[in-house]
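Residue 793 in the working numbering sits at position 418 of the sequence shown, and the numbers go up by one each step.
Glycine included, each C-beta is placed from N, C-alpha and C at the ideal position.
Structure first, commentary second.
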Amino acid sequence: MTFISSAGAIVPAIAVAFVAAALLALVLTPGVRRFSRAFGLVDRPDERRVNLRPVPRGGGLAVVAAFLPVAVVVVVLVDRGDIGSVVIPGSVLPQEIGALLIGGVVAAAIGFLDDVLQIRARWQLAGQLAVAVLVVIAGVQVDSIANPFGPGTIRLDGVFSWAFTVIWIVGMINSINFIDGLDGLSSGISFIAAVTLGLISLTTAVGAFGQPFIAVLCFVLAGALLGFLRWNFHPASIFVGTSGVMFVGFTLAVLSILGTAKVAVALLVLGVPIIDTFWIIVRRVAGGRSPFTPDRGHVHHRLLDLGLSHTQTVLLIYAITAALAALTFVLSGAGQLYAFLGVVLASGIVLFLITGRPTVQEDLEAESYSSTTASATPAGGGPAAPAPVADRPAPAPPTEGSERPGGAAMPRADAPGTPSGDASTASGEVSPDRA
């Protein structure tokens, strides 16, 4: 895998777009934070949340507001031929670009409705499916994937292409959501993924001339995420919220499809959230529970249980994500799939052994998280011993359907708080009373 010959000439355009989006997000996020506070869009601490103080949510609006105008300017300038050797490839149709930009706004709007109105899980999922189907109708489809059994690719036609693309988009949204359990975790992982997709788009792995146009858009998203991460990293002053989860997951999914599909690359670099989601669902279903029942079985919870601090856990997962990203540059499409399957298997074993003992059900209950968080993650961010088991409150039985796709965990029906993302919950997912 080598970079295309014109990569050097494209770097200035990428740098300008990246910095512009980062500065916009950096400047706009405090305004979104004030807006959220003014309208009561705040996550308040309770037994299912990690934050120990009220924190505004809806930070995804700042990411959207930073990405969209810069991306539109890039599209206009490229279409006019004003950005050197960057051109819109023939494989990317105008309606597909529109699907990326408009679909991202619609996805964020659906997420923001949840941030404000706490819409039920089924309606969130319906919204995700609707956006994905509309994007497919606009022509954004995965028409081939790397063949893991030999050279070449496997063609996907008709209903198979439609179904795979819809599942890919909805799955990506919810993978980002499921990992959204600590300050800066989902936004940092998404930043690494966007940079990786951008760099891959500048190599011959996606064609003899690369995909410079897609690369610039990927770096615009990366810049927006980096500017927001300044306010979202631990201790976060704002959470990304369902609006951010929906927008970022959707945009990464579509960017990995446009032009030459880079699904295998996205699978590998986003291996942590995707695999975490996979094993969480497998364990819950095998235990006879809803896939959306909140618990403490996520990889970041296990790492906190080992005694790592909040910041140490996030940085470790960043490092793992960066290592997986590096693999995408040395492996072929089939090799990337093999590596992903290997990570799936290895992670299942590690997740089972990581606590050094069999996991009992009460250790996974969302309610058990509040007491351990206060002791395991002090305000200063340093590690501390977990709370004794005797000090933990008795966990309540899990409620079926108590997590919701694409959003954060919700407080109790009688609690003053409303949904959030990031470090707001034990699971980062769904409402026990609204699924």
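May I have the straight-line CA-CA distance separating residue i from residue j, to the nearest angstrom?
i	j	result
Val705	Ile650	21 Å
Arg767	Gly556	With a pLDDT of 37 at Arg767, under the threshold of 50, the modelled position of that residue is not reliable, and no figure is offered here.
Phe622	Leu476	10 Å
Val439	Val620	11 Å
Gly473	Leu509	11 Å
Gly585	Thr579	5 Å
Asn552	Leu601	18 Å
Pro673	Gln499	In the sequence on display, residue 673 carries His and not Pro. Approximately 22 Å between the Cα atoms of the pair.
Ala505	Pro429	33 Å
Val461	Ile385	7 Å
Ile379	Ala583	7 Å
Gln687	Asp680	12 Å
Gly634	Gly682	44 Å
Phe660	Phe603	First, the amino acid is wrong: residue 660 is Val here, not Phe. Distance between the alpha carbons of Val660 and Phe603: 35 Å.
Gly533	Val402	44 Å
Ala483	Gly435	7 Å
Gly415	Ser561	23 Å
Pro420	Ile485	24 Å
Ser381	Pro526	28 Å
Ala390	Gly383	11 Å
Ala721	Arg658	16 Å
Leu577	Ala501	35 Å
Arg664	Val447	44 Å
Counting only the same chain and skipping the five closest in sequence on each side, list residues whose C-beta sits under 8 Å from that of residue i.
i	result
Val445	Ala392, Ala395, Ala396, Leu399, Val595, Gly598, Ala599
Ser612	Arg408, Val430, Pro431, Trp606
Leu452	Ile458
Gly479	Val439, Phe442, Leu443, Phe622, Phe625, Thr626, Val629
Val644	Ile567, Ala568, Thr571, Leu572, Thr696, Leu699, Ala700, Thr703
Phe487	Gly433, Gly435, Leu436, Gly616, Thr617, Ser618
Phe529	Inspection of the sequence shows that residue 529 is occupied by Ile rather than by Phe. These residues qualify, in order along the chain: Ser519, Ile520, Ala521, Asn522.
Gly757	With a pLDDT of only 42 at Gly757, under the threshold of 50, the placement of this residue in the model should not be trusted, and no figure is reported.
From the options, pick the residue whose C-alpha is nearest to that of residue i; which is it?
i	options	result
Ile554	Asp518, Ser460, Gly624, Ala611	Gly624
Val481	Val386, Gln503, Leu577	Gln503
Phe653	Arg497, Met547, Asn607, Arg428	Met547
Thr696	Leu592, Ala568, Arg664	Ala568
Ile632	Phe539, Ser561, Leu679	Phe539
Asp418	Phe442, Val615, Asn549	Val615
Ser565	Pro405, Gly486, Val515, Leu630	Leu630
Val811	Leu690, Ile544, Ile458	Beyond the ends of the chain as shown, which are 376 and 810, falls residue 811; an answer cannot be given.
Gly559	Phe378, Gly383, Ile692, Ser411	Ile692
Ser684	Leu627, Thr703, His609, Thr635	His609
Asn549	Ser618, Gly433, Thr688, Arg658	Ser618
His675	Gly662, Leu720, Val689	Val689
Val515	Asp490, Ile494, Arg495, Gln470	Gln470
Thr377	Arg495, Ala721, Thr703	Thr703
Gly406	Ala694, Ala483, Ala437	Ala437
Gly465	Leu678, Pro587, Gly435, Val491	Pro587
Ile589	Ile463, Ala382, Ala390, Val402	Ile463
Gly563	Gly415, Leu720, Ala694	Ala694
Ala513	Val541, Val491, Thr528	Val541
Asp490	Phe410, Leu531, Phe535, Val447	Phe410
Starting from residue i, trace the beta strand (DSSP E) both ways and give me its first and last residue.
i	result
Ser519	519–521
With a threshold of 6 Å (Cβ to nearest heavy atom), would residue i be considered close to the ligand FMN?
i	result
Phe715	Summarising the ligand content, the structure contains no ligands, and the ligand FMN is consequently not present.
For residue i, which residues from the same chain have a beta carbon less than 7 Å from its beta carbon, with the 5 sequence-adjacent residues on both sides left out?
i	result
Gly361	Past the edges of the chain, shown from 376 to 810, lies residue 361, and the structure says nothing about it.
Arg455	none
Val449	Ala392, Val591, Leu592, Val595
Ala388	Ile458, Gly459, Val461, Val591
Ile575	Val581, Lys637, Val640, Thr703
Arg412	Pro431
Phe535	none
Along the alpha helix (DSSP H) that carries residue i, what are the first and last residues, could you check?
i	result
Thr528	Per DSSP, Thr528 belongs to no alpha helix (DSSP H); it is in the beta strand (DSSP E), 528–530.
Pro444	435–455
Ser550	533–553
Gly465	Taken as a continuous stretch (DSSP letters only), Gly465 belongs to no alpha helix (DSSP H), as it is neither H nor E.
Gly619	616–630
Leu592	587–607
Asp651	646–661
Ile512	496–512
Gln687	685–702
Could you tell me which residues DSSP puts in a beta bridge with residue i?
i	result
Val430	Asp418
Phe378	Thr578
Between which residues of its own chain and residue i is the CB-CB distance below 6 Å, once the five residues before and five after are set aside?
i	result
Trp537	Val511
Ala769	Residue placement at Ala769 is poorly supported in this model, since its pLDDT is 41, which falls under 50; the coordinates are not used for a value here.
Ile468	Correcting the residue identity first, residue 468 is Leu in this sequence and not Ile. Cβ within range, chain order: Gly514.
Ala507	Val541, Ile544, Val545
Looking at chain B, is there any beta carbon in it that lies within less than 7 Å of the beta carbon of residue i?
i	result
Asn522	Protein chains in the displayed structure number just one, and chain B is not present.
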